[in-house]
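J.: Going letter by letter, the sequence shown gives residues 14 to 242 in my numbering. Just so you know, even glycine gets a beta-carbon here, dropped at the ideal spot from N, CA and C. The structure follows.
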Amino acid sequence: MSDEPQIKIVKDGPYLVSGGVKLDHKVMVSVGHHREYHEGESLPQAQNYALCRCGHSKNMPFCDGSHTAAHFDGTEVASKVPFDERVEVFTGPTLDLYDDNRCAFARFCHREDGDVWTLTEESGNERLREEAIKAAIDCPAGRLVQHDKRADYAEIEPSFEPEIDVLEDPDKQCSGPLFVKGRLPLKSADGSAYEVRNRYALCRCGGSQNKPFCDAMHVNLGFNDGLKW
Ligand code: SF4
Ligand code: FES
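What follows is the structure, given as structure tokens:
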């Protein structure tokens, strides 16, 4: 395995993570009308490890080989067209919001003063501009990226160390995707590379119709990994 931090997808099997990537367990909690990440259980750390992608492991979040008995079809169908070429752009006075519609239904885009799209339209107001930025940068799917019109349209992205957060969504009574942070390279089972992104959400319930990325199917399936919420 590579020493460089990366994720490699195994055909109809798990995500192989190498390079000592930190693994964390996070519970998504509603506070008022916004959402926050709270610490969950502590998970074992390793240089290399395999994360379940089929949703059937008895040793979550790790792979225990259950994908074979489950006859898991992990075929990757997601587009590899770069993010900037797939997005719709929503324009506001100080921000442009890029939105690729790849949603994990984690709901960080809704806040006390409105959703990220209306907040972007109201970004002439300093407080609402900050809210619009917050509503985009917390999105685990990386669907929403603000561009700063005051800084030559530079992307506004949080700086993360490479890390994978195993998500839970108690409000929806289900477990969520893997929130991958810090520009971790993702390699397809066929050896090709996905565009390197700062944030993305990988399916681990096995049900996404846009594999390897999460498309919120875990909510419909009531996916439960058995970890403590
Ligand atoms: S995944 Fe992103 S776009 Fe989808 S609901 Fe959550 S914050 Fe909003
Ligand atoms: S984890 Fe979200 S669709 Fe599978």
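Assuming I177 and V30 are in contact, meaning their beta carbons sit under 8 angstroms apart, how far apart are those beta carbons, in whole angstroms?
T.: Along the sequence shown, one-based indexing puts residue 177 at 164. Along the sequence shown, one-based indexing puts residue 30 at 17. Contact flag correct, Cβ pair sits at about 7 angstroms.
J.: Please list the segments of the alpha helix (DSSP H) lying wholly inside the stretch 22-106, counting only runs of 4 or more residues, in order along the chain.
T.: 79-82 and 96-99
J.: Out of L180, R210 and N211, state which residue places its alpha-carbon closest to the alpha-carbon of G7.
T.: The structure shown has nothing for residue 7, since the chain only spans 14 to 242.
J.: Just mark R142 as buried or exposed, buried being the case when its beta carbon has 16 or more other beta carbons within 10 Å.
T.: One-based indexing of the sequence shown puts residue 142 at position 129. When all chains shown are included, R142 counts as buried.
J.: I'd like to confirm something about A154: is its beta-carbon nearer than 6 angstroms to some heavy atom of the ligand SF4, or not?
T.: As a position in the sequence shown, residue 154 is number 141, starting the count at 1. Within the cutoff, so yes.
J.: Quick test of the definition: if touching needs 3 or more C-beta pairs under 8 angstroms, does the stretch 191-211 touch the stretch 104-114?
T.: no
J.: Report the rounded CA-to-CA distance for C227 versus C218, giving the unit in angstroms.
T.: Translated into positions along the sequence shown, residue 227 becomes position 214. Translated into positions along the sequence shown, residue 218 becomes position 205. Each residue's Cα considered, the two are about 9 angstroms apart.
J.: Buried or exposed: S188, going by 16 or more other Cβ atoms within 10 Å of its Cβ?
T.: Taking the sequence shown and counting its residues from 1, one reaches residue 188 at position 175. By the neighbour-count definition (other C-beta atoms within 10 Å, threshold 16), S188 is a buried residue.
J.: When every heavy atom of the ligand NAP is checked, does at least one fall within less than 6 angstroms of the C-beta of H231?
T.: This structure simply doesn't include the ligand NAP; it includes the ligand SF4 and the ligand FES instead.
J.: Taking 8 angstroms as the threshold, find out whether the stretch 144-158 comes into contact with the stretch 123-134 through three or more Cβ pairs.
T.: yes
J.: CB-CB under 8 angstroms to E125, same chain, minus the five flanking residues each way: which ones, in chain order?
T.: Within the sequence shown, numbered from 1, the residue matching residue 125 stands at position 112. These residues qualify, in order along the chain: G45, H46, H47 and E144.
J.: In this structure, how does DSSP classify L132 when only helix, strand and coil are distinguished?
T.: Locating residue 132 in the sequence shown gives position 119, counting from the first residue. The answer is helix: DSSP assigns L132 an H, G or I state.
J.: Take N237 and list the residues in its own chain whose beta-carbon comes closer than 7 angstroms to its own, dropping the five residues that flank it on each side.
T.: Counted from its first residue, the sequence shown places residue 237 at position 224. The residues are C187 and S188.
J.: Mind reading off the beta-carbon distance from W242 to V40? Whole number of angstroms is fine, and I expect it under 8 angstroms.
T.: What you label residue 242 is simply residue 229 of the sequence shown in a count that begins at 1. What you label residue 40 is simply residue 27 of the sequence shown in a count that begins at 1. That belief holds up - the Cβ atoms of W242 and V40 are roughly 6 angstroms apart, short of 8 angstroms.
J.: Please list the terminal residues of the continuous alpha helix (DSSP H) segment that includes K245.
T.: Nothing about residue 245 can be reported from this structure: the residues present for the chain run from 14 to 242 only.
J.: Would you mind working out which of R120, H123, C122 and D97 sits nearest D113, comparing C-alpha positions?
T.: Taking the sequence shown and counting its residues from 1, one reaches residue 113 at position 100. Here the closest residue by C-alpha is D97.
J.: Can the beta-carbon of I20 be found less than 7 angstroms from the beta-carbon of L197?
T.: For the purposes of this step, residue 20 is identified with residue 7 of the sequence shown, where counting begins at 1. For the purposes of this step, residue 197 is identified with residue 184 of the sequence shown, where counting begins at 1. Closer than 7 angstroms, so yes.
J.: Rounded to the nearest angstrom, what separates E168 and G195 at their Cα positions?
T.: Against the sequence shown, residue 168 aligns to sequence position 155. Against the sequence shown, residue 195 aligns to sequence position 182. Each residue's Cα considered, the two are about 15 angstroms apart.
J.: Using DSSP with H/G/I as helix, E/B as strand and the rest coil, what is V232?
T.: Counting from one through the sequence shown, the residue named residue 232 turns up at place 219. V232 falls in the helix class under three-state DSSP.
J.: Less than 8 angstroms between the CB atoms is what I'm expecting for H80 and P27, so what's the real figure, rounded?
T.: For the purposes of this step, residue 80 is identified with residue 67 of the sequence shown, where counting begins at 1. For the purposes of this step, residue 27 is identified with residue 14 of the sequence shown, where counting begins at 1. Indeed, because the Cβ distance is near 7 angstroms, the residues count as touching under 8 angstroms.
J.: For D77, is the classification buried or exposed, using 16 other Cβ atoms within 10 angstroms of its Cβ as the cut-off for buried?
T.: The residue given as residue 77 occupies position 64 in the sequence shown. The residue is exposed, with fewer than 16 neighbouring Cβ atoms inside 10 Å.
J.: Rounding to the nearest angstrom, what Cα-Cα distance links P18 and D37 in this structure?
T.: The count along the sequence shown starts at 1 and reaches residue 18 at position 5. The count along the sequence shown starts at 1 and reaches residue 37 at position 24. If I take the Cα positions, the gap works out to 15 angstroms.
J.: When we look at the beta-carbon of Y166 and count the other beta-carbons within 10 Å, is it buried (16 or more) or exposed?
T.: As a working note, residue 166 is residue 153 in the sequence shown. Exposed, since its Cβ has fewer than 16 Cβ neighbours within 10 Å.
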